[in-house]
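Student: Each residue of the sequence shown is one higher than the last, beginning at 297 in the working numbering. Let me begin by handing over the structure; questions about it come next.
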Amino acid sequence: MSSVLDQQRSAPPAGTARPAPPRRRTRLLALPETRWALAALTLFLLALPLYLLDGPAWLWGTLFAATYVTGGWEPGWEGIKALKDKTLDVDLLMVVAALGAAAIGQVFDGALLIVIFATSGALEAVATARTADSVRGLLDLAPTTATRLLPDGTEETVGTEQLAVGDIVLVRPGERVGADGRVLDGASDVDQATITGEPLPVAKQAGDEVFAGTVNGTGALRVRVERDPSDSVIARIVKMVEEASETKAPTQLFIEKIEQRYSIGMVIATLAVFVVPLAFGATLSSALLRAMTFMIVASPCAVVLSTMPPLLSAIANAGRRGVLAKSAVVMERLGQIDTVALDKTGTLTEGTPRVTDLRLLPGSDLDEDTLLALAASAEHPSEHPLARAIVAAARERGLSLSDTEVFTSTPGQGVTATVGGRTITVGAPARLLNDDAHQAVVAELEEAGRTVVVVVRDQVAVGVLGIADRLRPDAAATVAALTRLTGHTPVLLTGDNERAARHLAAEVGITDVRAGLLPQDKVAAVKEWEAQGRRVLVVGDGVNDAPALAAAHSGIAMGKAGSDLALETADAVVVRDELATIPSIVQLSRTARRLVIQNLAIAGTLIAVLVAWDLIGTLPLPLGVAGHEGSTVIVGLNGLRLLRENAWPRPTKDAA
297 MSSVLDQQRS APPAGTARPA PPRRRTRLLA LPETRWALAA LTLFLLALPL YLLDGPAWLW
357 GTLFAATYVT GGWEPGWEGI KALKDKTLDV DLLMVVAALG AAAIGQVFDG ALLIVIFATS
417 GALEAVATAR TADSVRGLLD LAPTTATRLL PDGTEETVGT EQLAVGDIVL VRPGERVGAD
477 GRVLDGASDV DQATITGEPL PVAKQAGDEV FAGTVNGTGA LRVRVERDPS DSVIARIVKM
537 VEEASETKAP TQLFIEKIEQ RYSIGMVIAT LAVFVVPLAF GATLSSALLR AMTFMIVASP
597 CAVVLSTMPP LLSAIANAGR RGVLAKSAVV MERLGQIDTV ALDKTGTLTE GTPRVTDLRL
657 LPGSDLDEDT LLALAASAEH PSEHPLARAI VAAARERGLS LSDTEVFTST PGQGVTATVG
717 GRTITVGAPA RLLNDDAHQA VVAELEEAGR TVVVVVRDQV AVGVLGIADR LRPDAAATVA
777 ALTRLTGHTP VLLTGDNERA ARHLAAEVGI TDVRAGLLPQ DKVAAVKEWE AQGRRVLVVG
837 DGVNDAPALA AAHSGIAMGK AGSDLALETA DAVVVRDELA TIPSIVQLSR TARRLVIQNL
897 AIAGTLIAVL VAWDLIGTLP LPLGVAGHEG STVIVGLNGL RLLRENAWPR PTKDAA
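The structure is reproduced here in C-alpha cells:
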C-alpha cells in the first residue's frame, strides 16, 4: 500500500492527477434531424387546437402545411434519392400517404403521420451521434503525448502515436500511461479501473504489465513499450465497441426488408384500387375516392401505435423509478433476455472500499478505537483509497485524529508517520509481519476477501485492518429475482482477483464466477453464450464493461459512478444505483411486449376488415376514417395502461 509523499516534494501539480477526459457531446439542436422534427412538432401542436375548435381554416391549414414541409421534406427527399437505387422505403410511402390524405381533406391524419416519422428519424440520429461521442470520449482516456527516453539518457516529448515497440517511456506521478508495456524500474500504484474494473490501485514494480490510459500514482515508472499504440487495450476496446454495435445490423436489415415489401405492396395495391374501377367504367372521382380511402385505412398508424404506447409507457414508468431505457427498441429487447452477467465492483458492490474488520494482535495493549485512531492519524495526509477508507471509518466513529509530525511513503508498501511521539507504520502484511500467529489472522481475513493492512507501533505489530468493497444491500435479492425470471443463476464477470470474486459470489448465491478478466475476455464470454442461442443481459459500470455491454443482447449500466462510455454504450441506465430495479425493468419489458402483441392483433384485424370492406363493398370515407382512428385510439389506450403506478413490478414479485 502507498500514499502520497510529502506534499511539497512529490505531489503532482494541481490539475494533473487523474486528469478527466474532456466530454465532447453533440448538442441535440446541432443535428438537422432534431431541428426539423422539433419544428414539425411545434407547428402541429399550434395547429391542433385551432383544428379541433373549428378555428379559421386558412390559419390551421397553413400551420399543417408547414408541418408537412418541415417534417416531410427530408424523408421525402431521401426516399426520392433511394428510388434512383430502385429502392422504395417506408418513409417515402408515409409521405405519399400523408399527401394523399391531405388531397381528400384528411389534413390532420397526414400531419400526424409526418410528425411521428420525423420524430423517429430524429431519435435515431441522436442515438447515432451519442454513440460516436462516447467512442471519442474513450479515446480521450489515452494521453496524446508521452516522455520518451533516448539512449543517451535525454528526454523528448512525442505523440503517443509515434511510439514503437521497444521504446522506453517515463511516466511521472499523476500522469496517464502512454502505451501498453512492462515496467523496467520504479515502483508505484496504478489506477487501472478503466481497464480491469479493480476498485483499488494496483502496486506496480519491475516486470509488471501496465496499460495505456491508466493513471500512475505517486512513484515514477520507466516502461518499455510492448504493443503498438494502435493495438493497445484501450484501442481494442474502441474497436470491440464498434464491432459489437455492428453485430446488431442483421436485425435492422430484416426490418428494412419487411418495410420494402410492405411499401411496394401498398403502392401496387393503391394503384390497383384506383385503376381497376376505372377500367370497368367507374368515374375518376369515385375511383380516386376509393383509392384514397384504401390508403387511409391501410395506413400503418394503428400498427405504429400498437408498438409505441406500451413501450413508451413502460419507459416513462421505469423513468419514475430511476431506470432510463434509451429507446422503445431497448425496452422490447430487455424482456427477451434469458442469461444475466453481472460485474462485481460498482455493480454488485458499492465501488468504495470500507473498513470491515478491526483485529488486535496478541500482546497489544490497545482497544479497537485506539488502533483505528492511530492508523487514521498516520494515513490522514495520504490520498490513497485505502487511506481514505481508514480515515472515513475513524470519523464515522467520532474519533479525534492526532497531528502527524513526519510523513513518508513507499509506493506499494505503506506509510510511516510520527504520531504523538510514536512511530506508526501502516502497510502491507508481507513487509511488516513474520510471526505465524499474526500471519494466521491475515490469512483468515484474506480468505474472506478482505484487503489487509497492518498497523505497527514502534516496530511492534499491534493490529490488523480488513478493508473491502461493501456489497449492495439488495444484491442477494436481485440475484434471486433474476434467477426466477430467466431460469438461470446470473454469472459474475469481473477483472478483480478470483478469491475476492468467489467470496462475494457466495454471499449473493452466484456459483459461476469468471475472474481476472480483461475487456476482451468479457466479450468472449458474452459471444460464447450468444453462440449457444442465449440472449444475454450484461450489467456493469466501467469502461472495461463497455465492449461487453455493446456485444450483449441488452446492456444496463449503473449510473451513479458509471463511466461515460458505459453510460452511452448501455441500452439502459439505473440512475439511482438501485440494483433491485433490474429484475423489475426486465419484467416490465415482458409485460409491455405482451401488450404489443395484443395491440398488433387488434390493429391488424381492424385494418383487414376495413380494407376488405373497401375492396369488396363501398366503404364510406367518414366510416373509414372513424374505423382507422378508432383502432388507433383503442391500441393507444391499451398501451397507456403501463403508466399506472401498480404497473411497476415489485422487486420480489415472481416472474410469469
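We put the CB at the ideal spot given by N, CA and C, even for glycine.
1) Mind checking whether L254 and A583 have CB atoms under 8 Å apart?
2) Quick check on the burial criterion: 16 or more other C-beta atoms within 10 angstroms. Buried or exposed for A771?
3) Starting from the C-beta of V411, find all residues in its chain whose C-beta is less than 7 Å away, skip the five residues before and the five after it, and write them out in chain order.
4) Looking at K500 and V521, is the spacing between their C-beta atoms short of 8 Å?
5) Tell me the start and end of each unbroken alpha helix (DSSP H) in the stretch 625-675 that is at least 4 residues and wholly inside, in chain order.
6) Is P879 close to the ligand FAD? I mean its beta-carbon at under 7 Å from any heavy atom of the ligand.
7) How should I551 be labelled, buried or exposed, when 16 other C-beta atoms within 10 angstroms of its C-beta is the threshold for buried?
8) Would DSSP call V760 helix, strand or coil?
9) Looking at the strands, I want to know which residues DSSP matches up with I852.
10) Between P352 and the rest of its own chain, which residues show a CB-CB distance below 6 Å, the 5 nearest in sequence each way excluded?
11) Beta strand (DSSP E) containing L620: first to last residue?
12) With F703 as the anchor, note down where its beta strand (DSSP E) starts and where it stops.
13) Quick check on this structure: which residue in R830, E826, A862 has the alpha carbon closest to the alpha carbon of P815?
14) Whose C-alpha, out of D699, A612, G923, V486, is nearest the C-alpha of A899?
15) DSSP on S528, reduced to helix/strand/coil?
16) With distances taken from CA atoms, which of L919, E628, I564, P658 is nearest R890?
17) Going straight from the alpha carbon of R319 to that of R684, what length do you get?
18) Run the CB neighbour count on T547, radius 10 Å, all protein chains shown included, and call it buried at 16 or more, exposed below.
19) Beta-carbon separation of E374 and W332 under 8 Å?
20) Could you pull the start and end residues of the alpha helix (DSSP H) that G900 belongs to?
21) Around the C-beta of P317, are 16 or more other C-beta atoms found within 10 angstroms, so that it is buried, or is it exposed?
22) In whole angstroms, what separates the C-alpha of H849 from that of R831?
23) Using C-beta distances below 7 Å, list every residue in its chain close to E675, excluding the 5 sequence neighbours before and after it, in chain order.
24) Below 7 Å CB to CB, which residues in the same chain sit around K544 once its five sequence neighbours on both sides are set aside?
25) May I ask you to list the residues that DSSP assigns as paired with R478?
26) Within 10 Å of its beta-carbon, does R616 have 16 or more other beta-carbons around it, so buried, or fewer, so exposed?
27) Going by the beta-carbon positions, is the gap between V519 and V473 smaller than 8 Å?
28) Tell me which same chain residues have a C-beta within less than 8 Å of the C-beta of G805, skipping the five on either side of it?
29) Indicate whether at least one CB of chain D lies closer than 8 Å to the CB of T747.
30) Have a look at V593, T790, G920, S484 and flag the residue whose alpha-carbon is nearest the alpha-carbon of T468.
31) Could you check the C-alpha separation between A853 and L446 for me, to the nearest Å?
32) Rounded to whole angstroms, what's the CA-CA distance from W356 to A343? Just pull it up for me.
33) Among Q883, E742, G926, R753, which residue has its Cα nearest to the Cα of L728?
34) Report, in whole angstroms, the separation of the C-beta atoms of L884 and A610, which I expect to be a contact under 8 Å.
35) Please name the residue, chosen from G449, N942, A844, that lies closest to G791 on a Cα-to-Cα basis.
36) Sorted by chain position, which residues of the same chain lie with C-beta nearer than 7 Å to A690's C-beta, five sequence neighbours on each side aside?
Tutor: With the structure as the only source:
1) The first residue shown for the chain is 297 and the last is 952, placing residue 254 beyond what the model contains.
2) The C-beta of A771 has 16 or more other C-beta atoms within 10 Å across all chains shown, which makes the residue buried.
3) Counting only Cβ-Cβ distances below 7 Å, and skipping sequence neighbours, we find A336, L337, F340, T363, G367.
4) For V521 and K500, no; Cβs fall outside 8 Å.
5) Counting only runs of 4 or more, we get 664-675.
6) The ligand FAD is absent from the structure shown, which contains no ligands of any kind.
7) Reliability fails at I551, whose pLDDT of 42 lies under 50, so the model's placement of it is uncertain and no value is given.
8) The answer is strand: DSSP assigns V760 an E or B state.
9) Beta-bridge analysis with DSSP links I852 to V835, A868.
10) Cβ within range, chain order: n/a, list empty.
11) For L620, the enclosing beta strand (DSSP E) stretches over residues 619-621.
12) Start and end: 700-706.
13) P815 has its Cα closest to that of A862, out of R830, E826, A862.
14) Of the candidates D699, A612, G923, V486, the one whose C-alpha sits nearest the C-alpha of A899 is G923.
15) When DSSP states are grouped into helix, strand and coil, S528 belongs to the coil group.
16) Distance from the Cα of R890 is smallest, within the candidate group L919, E628, I564, P658, for E628.
17) Any reading at R319 is ruled out, since the residue's pLDDT is 48, under 50, leaving its predicted position unreliable.
18) Confidence in T547 is poor, its pLDDT being 37 and thus under 50, which makes the residue's placement unreliable; the coordinate value appears in the next sentence. The residue in question, T547, is exposed, as its Cβ has fewer than 16 Cβ neighbours within 10 Å.
19) No, the pair does not count as a contact, with Cβ atoms beyond the cut-off.
20) Segment 877-912, the alpha helix (DSSP H) holding G900.
21) Caution is warranted here: a pLDDT of 42 is assigned to P317, below 50, making its placement in the model unreliable, and the coordinate value is therefore given only provisionally. Counting the other CB atoms within 10 Å of its CB gives P317 a total of 16 or more, which places it among the buried residues.
22) The straight-line gap from Cα to Cα measures roughly 5 Å.
23) Its chain contains S299, A683, I686, V687, V711, V722 as the residues whose beta carbon lies nearer than 7 Å to that of E675, once the 5 sequence neighbours on both sides are disregarded; these appear in chain order.
24) The predicted position of K544 is uncertain, since its pLDDT is 42 and thus under 50; no value can be drawn from it.
25) Partner(s): E505, R520.
26) Burial call: exposed.
27) Pairing V519 with V473 gives a Cβ-Cβ distance under 8 Å.
28) Contacts found: A772, V775, A776, T779, T785.
29) Chain labels in this structure do not include chain D; a single protein chain is all it has.
30) Residue identity differs from the one stated: residue 468 is Arg in this sequence, not Thr. Of the candidates V593, T790, G920, S484, the residue whose Cα lies closest to the Cα of R468 is S484.
31) Taking the straight line from one Cα to the other gives about 43 Å.
32) Roughly 5 Å between the two C-alpha positions.
33) That would be R753, whose Cα lies nearest to the Cα of L728.
34) The beta-carbon separation of L884 and A610, rounded to 5 Å, stays under the 8 Å limit for a contact.
35) Ranking the options by Cα distance to G791, first place goes to A844.
36) Excluding residues within five positions, the ones whose Cβ falls inside 7 Å are L668, A669, A672, L697.
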